[in-house]
Amino acid sequence: MTFSTASIPVSGMTCAACSARIQRVLERTPGVSAANVNLMTGSATVSYDPSSVTPDRLVEAIRDTGYGAELPAPEQSAETLVDAQDAARADEIRDLRRKLILSLGAAALATVFSMPLIDGVSADTWRWLQLAVTTPVVGWAGRHFYTRAWAAFRHRSADMNTLIAIGTGAAFVYSVVVTLADDWLSVRGVAPHVYYEAVIWIIALILLGNMLEARAKSRTSGAIRRLAGLRPQTARVARDGVEVEIPLPQLRPGDEVVVRPGEKIPADGTVVEGSSHVDESMLTGEPNPVRKRPGDTVVGATLNRNGALRVRVERVGADTVLSRIIRLIQQAQGSKAPIQRLADRVSAVFVPVVIAIALVTFVLWLLLGPEPAYLQGMVAAVTVLIIACPCAMGLAVPTAVMVSTGRGAELGILIKGGEPLERSERLDTVVFDKTGTVTEGRPAVRQVVGDDELSLLRLAASVERLTEHPLGEAIVAHAVARGLPLAEPQDFESRTGRGVAGRVEGRTIAVGNLALLVELGVSPGRFAAEAERLAAQALTPVYVVVDGSVAGIVAVADPVKPTARDAVAALRGMGIESVMLTGDNARTAASVADALGITRVVADVLPERKLKEIRRLQEEGRSVAMVGDGLNDAPALAQADVGIAMGTGTDVAMEAGDVTLMRGDPLGVPRAIRLARRTMRVIRQNLFWAFIYNVICIPIAAGALYPVFGIRLTPAMAAAAMAVSSVSVVGNSLRLRKTGNGKQ
Numbered sequence: 017m018t019f020s021t022a023s024i025p026v027s028g029m030t031c032a033a034c035s036a037r038i039q040r041v042l043e044r045t046p047g048v049s050a051a052n053v054n055l056m057t058g059s060a061t062v063s064y065d066p067s068s069v070t071p072d073r074l075v076e077a078i079r080d081t082g083y084g085a086e087l088p089a090p091e092q093s094a095e096t097l098v099d100a101q102d103a104a105r106a107d108e109i110r111d112l113r114r115k116l117i118l119s120l121g122a123a124a125l126a127t128v129f130s131m132p133l134i135d136g137v138s139a140d141t142w143r144w145l146q147l148a149v150t151t152p153v154v155g156w157a158g159r160h161f162y163t164r165a166w167a168a169f170r171h172r173s174a175d176m177n178t179l180i181a182i183g184t185g186a187a188f189v190y191s192v193v194v195t196l197a198d199d200w201l202s203v204r205g206v207a208p209h210v211y212y213e214a215v216i217w218i219i220a221l222i223l224l225g226n227m228l229e230a231r232a233k234s235r236t237s238g239a240i241r242r243l244a245g246l247r248p249q250t251a252r253v254a255r256d257g258v259e260v261e262i263p264l265p266q267l268r269p270g271d272e273v274v275v276r277p278g279e280k281i282p283a284d285g286t287v288v289e290g291s292s293h294v295d296e297s298m299l300t301g302e303p304n305p306v307r308k309r310p311g312d313t314v315v316g317a318t319l320n321r322n323g324a325l326r327v328r329v330e331r332v333g334a335d336t337v338l339s340r341i342i343r344l345i346q347q348a349q350g351s352k353a354p355i356q357r358l359a360d361r362v363s364a365v366f367v368p369v370v371i372a373i374a375l376v377t378f379v380l381w382l383l384l385g386p387e388p389a390y391l392q393g394m395v396a397a398v399t400v401l402i403i404a405c406p407c408a409m410g411l412a413v414p415t416a417v418m419v420s421t422g423r424g425a426e427l428g429i430l431i432k433g434g435e436p437l438e439r440s441e442r443l444d445t446v447v448f449d450k451t452g453t454v455t456e457g458r459p460a461v462r463q464v465v466g467d468d469e470l471s472l473l474r475l476a477a478s479v480e481r482l483t484e485h486p487l488g489e490a491i492v493a494h495a496v497a498r499g500l501p502l503a504e505p506q507d508f509e510s511r512t513g514r515g516v517a518g519r520v521e522g523r524t525i526a527v528g529n530l531a532l533l534v535e536l537g538v539s540p541g542r543f544a545a546e547a548e549r550l551a552a553q554a555l556t557p558v559y560v561v562v563d564g565s566v567a568g569i570v571a572v573a574d575p576v577k578p579t580a581r582d583a584v585a586a587l588r589g590m591g592i593e594s595v596m597l598t599g600d601n602a603r604t605a606a607s608v609a610d611a612l613g614i615t616r617v618v619a620d621v622l623p624e625r626k627l628k629e630i631r632r633l634q635e636e637g638r639s640v641a642m643v644g645d646g647l648n649d650a651p652a653l654a655q656a657d658v659g660i661a662m663g664t665g666t667d668v669a670m671e672a673g674d675v676t677l678m679r680g681d682p683l684g685v686p687r688a689i690r691l692a693r694r695t696m697r698v699i700r701q702n703l704f705w706a707f708i709y710n711v712i713c714i715p716i717a718a719g720a721l722y723p724v725f726g727i728r729l730t731p732a733m734a735a736a737a738m739a740v741s742s743v744s745v746v747g748n749s750l751r752l753r754k755t756g757n758g759k760q
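Residues 17 to 760 (my numbering) make up the sequence shown, in order.
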């Protein structure tokens, strides 16, 4: 069975119980295999069987719960979706602001009307005036609390809106009854107290908290917004010999665009005319511009420096590298960390428990409280309902994950969600592949050893010209630079992890490492000592076998990255051991490891053995990260607790691991782990304060301090405390935006 995945924007969620309810409904929908509803991003990610259920049916299921949902347009790029989400959030903030202004004005009037300041005006008149200003607040500004609570009730569920609706609804209905039948109640000994101002202040303060929370949430998506803002708004297209400037969404594959010096390249494509240097630092982090000539590929949103280019567009919209990066970040921000399960389990039973506590509170005040006991009990119960809102609990984890993954993207670290973040915190061992990870991955020939060096180099390069291995490419490049004519090899054979073989001009040639010699049954002979000498200098000896005997050695060097030693030292300072894994010979590997400060080296490892080495470390009880280039290291990356791919935005690099270091800098490894550790610390702080807030505040709201100290909370005070708790959790998570380049 093949499953599809749909990401559906959801509006109206305000707490963990909201997202949990939608998730339960989706999970019970026939054809759905898994669902994840994220409060922070306002989205539902659903895996479903297309033969059993459609995306439109999923949207209907969400709407049936009382929340808004719309399928994004299929042609929307990630950048367009970000713009739409920003616009929706701005509309939400404006709507909340209008409702807040009305509520605050009404609250001020209701407070004045609760104090009869003008002689001759009866209390009955004041109560009617209060009802007049309260009705628009309940009927419009706070209407969504009641409609969503009713929708939850119809689905036999409860959420934050339930608590607010019951609390304010009880106070409002009681006040209306008193206003309509005050004489009848007075005759029966019921004091005609009304609580209109409390209802309005509660709604106003909750709206204030919601608005502050929405504004804080909008700041957490700043990383995506900045990435989306890198793209130009227009493109200059050459059509019929005339340059026409068009909006970027109108650009199509096959168009040829003209990019002048100082302009951004509008989309991914290939240079067809011109020469220039392009600043790709937004993608790779490399400060030096890259030379681009006809035939070279360019990436959208990179900056053309000093020459005019004509570029044939190949990918636009959702298919561009920038869009894929944004999509990865969105998926990461929409995911849940395993620690979220704790909050989800609590939220599932939290609201019913709070309602039960409120009922018990009312009964205790009714039985033990001072007169009028029923009023005292009602106020205490309403206060419990309001103060126990689980907003902070629902925001504790997703806000931190969202800010952290966004900050990571700004540092060139793509972290694929909350689960890799949580696993990264526990790492105690980092395994580095050598080539392209701690070394530049651009080897060059340093020395040729043999009786006829030029002939030896030409034969080796002729065989290697069909390979894509970095060492083979270095040999070919060196031969071409020397002006040697290369022959076309026959019977070419690539032997993974060992080398290549073939026939050149009637001679049998094999080029590779010592493992290849063992496989061929050939002795290195007099070149064994020479190979040892070269390896001791951190050079990789590549044997050249001609007609069954070793004819010489091509020594290749792959320089160590300047930051590799600092990365190893930083990991050591964090209590993490570094291990180097390489297919190179033991002597060369030891020399490179010594330069880096790595004490544990596993050399002569074939690609299939890398997976076994990772498993062996895990069997020792270690939590292991594998750092590789995302190509032949893919099985090891998948096996490791955390796979960290070195890449520059290619599909393979971004898909290979849990974390992708876009800049290819080894220092990204300790930075990623440090960011993960700090994120988990913030998450635990958020959860602690969310839980402790309720543990402390609910008993106080119920009146636990009243018998001894005479202290009670009012419903309005409870609403203010609830708003502060939610905003404080978001604010604590936003501190992660200041996580620096490994210094915090």
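We put the beta carbon where it would ideally sit given N, CA and C, even for glycine.
Remember, predicted model here, so these are calculated numbers, not experimental data.
Span of the beta strand (DSSP E) around residue i
{"i": "Thr730", "result": "Per DSSP, Thr730 belongs to no beta strand (DSSP E) and is neither H nor E."}
{"i": "Gln506", "result": "506 to 511"}
{"i": "Glu259", "result": "258 to 263"}
{"i": "Glu548", "result": "Segment 543 to 552 is the alpha helix (DSSP H) holding Glu548; no beta strand (DSSP E) there."}
{"i": "His209", "result": "Taken as a continuous stretch (DSSP letters only), His209 belongs to no beta strand (DSSP E), as it is neither H nor E."}
Straight-line gap, residue i to residue j (C-alpha atoms, nearest Å)
{"i": "Trp156", "j": "Val329", "result": "51 angstroms"}
{"i": "Val538", "j": "Arg625", "result": "23 angstroms"}
{"i": "Ala126", "j": "Ala737", "result": "21 angstroms"}
{"i": "Arg542", "j": "Gly457", "result": "30 angstroms"}
{"i": "Pro208", "j": "Leu383", "result": "21 angstroms"}
{"i": "Leu427", "j": "Ser420", "result": "11 angstroms"}
{"i": "Arg632", "j": "Val53", "result": "37 angstroms"}
{"i": "Gly424", "j": "Pro682", "result": "15 angstroms"}
{"i": "Leu597", "j": "Glu296", "result": "30 angstroms"}
{"i": "Val75", "j": "Gly28", "result": "14 angstroms"}
{"i": "Lys577", "j": "Ala650", "result": "22 angstroms"}
{"i": "Ser749", "j": "Ala416", "result": "5 angstroms"}
{"i": "Asp467", "j": "Leu473", "result": "11 angstroms"}
{"i": "Leu653", "j": "Ala641", "result": "8 angstroms"}
{"i": "Ile708", "j": "Ile714", "result": "10 angstroms"}
{"i": "Gly316", "j": "Asp256", "result": "24 angstroms"}
Within 9 angstroms, strictly: CB atoms of residue i and residue j
{"i": "Ile281", "j": "Val288", "result": "no"}
{"i": "Ala551", "j": "Val560", "result": "no"}
{"i": "Val48", "j": "Asp72", "result": "no"}
{"i": "Arg511", "j": "Glu535", "result": "yes"}
{"i": "Thr453", "j": "Val643", "result": "yes"}
{"i": "Ala412", "j": "Asn702", "result": "yes"}
{"i": "Ile660", "j": "Val685", "result": "yes"}
{"i": "Arg700", "j": "Thr755", "result": "no"}
{"i": "Ile355", "j": "Gly434", "result": "yes"}
{"i": "Arg321", "j": "Pro277", "result": "yes"}
{"i": "Leu112", "j": "Asn226", "result": "yes"}
{"i": "Gly726", "j": "Gly385", "result": "no"}
{"i": "Ala254", "j": "Leu267", "result": "no"}
{"i": "Ala503", "j": "Glu521", "result": "yes"}
{"i": "Ala214", "j": "Thr730", "result": "yes"}
Other residues of its chain near residue i: CB distance less than 8 angstroms, five sequence neighbours each side excluded
{"i": "Arg462", "result": "Leu555, Ala571, Val572, Ala573"}
{"i": "Glu43", "result": "Ala50, Ala51"}
{"i": "Ala476", "result": "Ile491, Ala495, Ile525, Val527, Val558, Val560, Val570"}
Residues near residue i by beta carbon distance below 6 angstroms, same chain, minus five either side
{"i": "Ala220", "result": "Ser119, Leu120, Ala123"}
{"i": "Gln146", "result": "Ala126, Phe129, Tyr212"}
{"i": "Ser291", "result": "Arg309, Gly323"}
{"i": "Met696", "result": "Glu441"}
{"i": "Thr21", "result": "Ser63"}
Chain-order list of residues whose beta-carbon lies under 7 angstroms from that of residue i (same chain, five-residue window excluded)
{"i": "Ser68", "result": "Pro46, Gly47"}
{"i": "Ile134", "result": "Residue placement at Ile134 cannot be trusted, given a pLDDT of 49 that sits under 50; the coordinates are not used to answer."}
{"i": "Ala580", "result": "Val454, Leu612, Pro682"}
Start and end residues, alpha helix (DSSP H) containing residue i
{"i": "Val395", "result": "389 to 403"}
{"i": "Gly434", "result": "434 to 441"}
{"i": "His160", "result": "159 to 170"}
Near the ligand MG: residue i beta-carbon under 8 angstroms from a heavy atom
{"i": "Val643", "result": "Questions concerning the ligand MG fall outside what the structure shown contains, since it holds no ligand whatsoever."}
(request) Report the residue ranges of all alpha helix (DSSP H) runs contained in full by the region 679 to 748; include only those spanning at least 4 residues, in chain order. (result) Qualifying alpha helix (DSSP H) stretches, in chain order: 684 to 718, 722 to 725.
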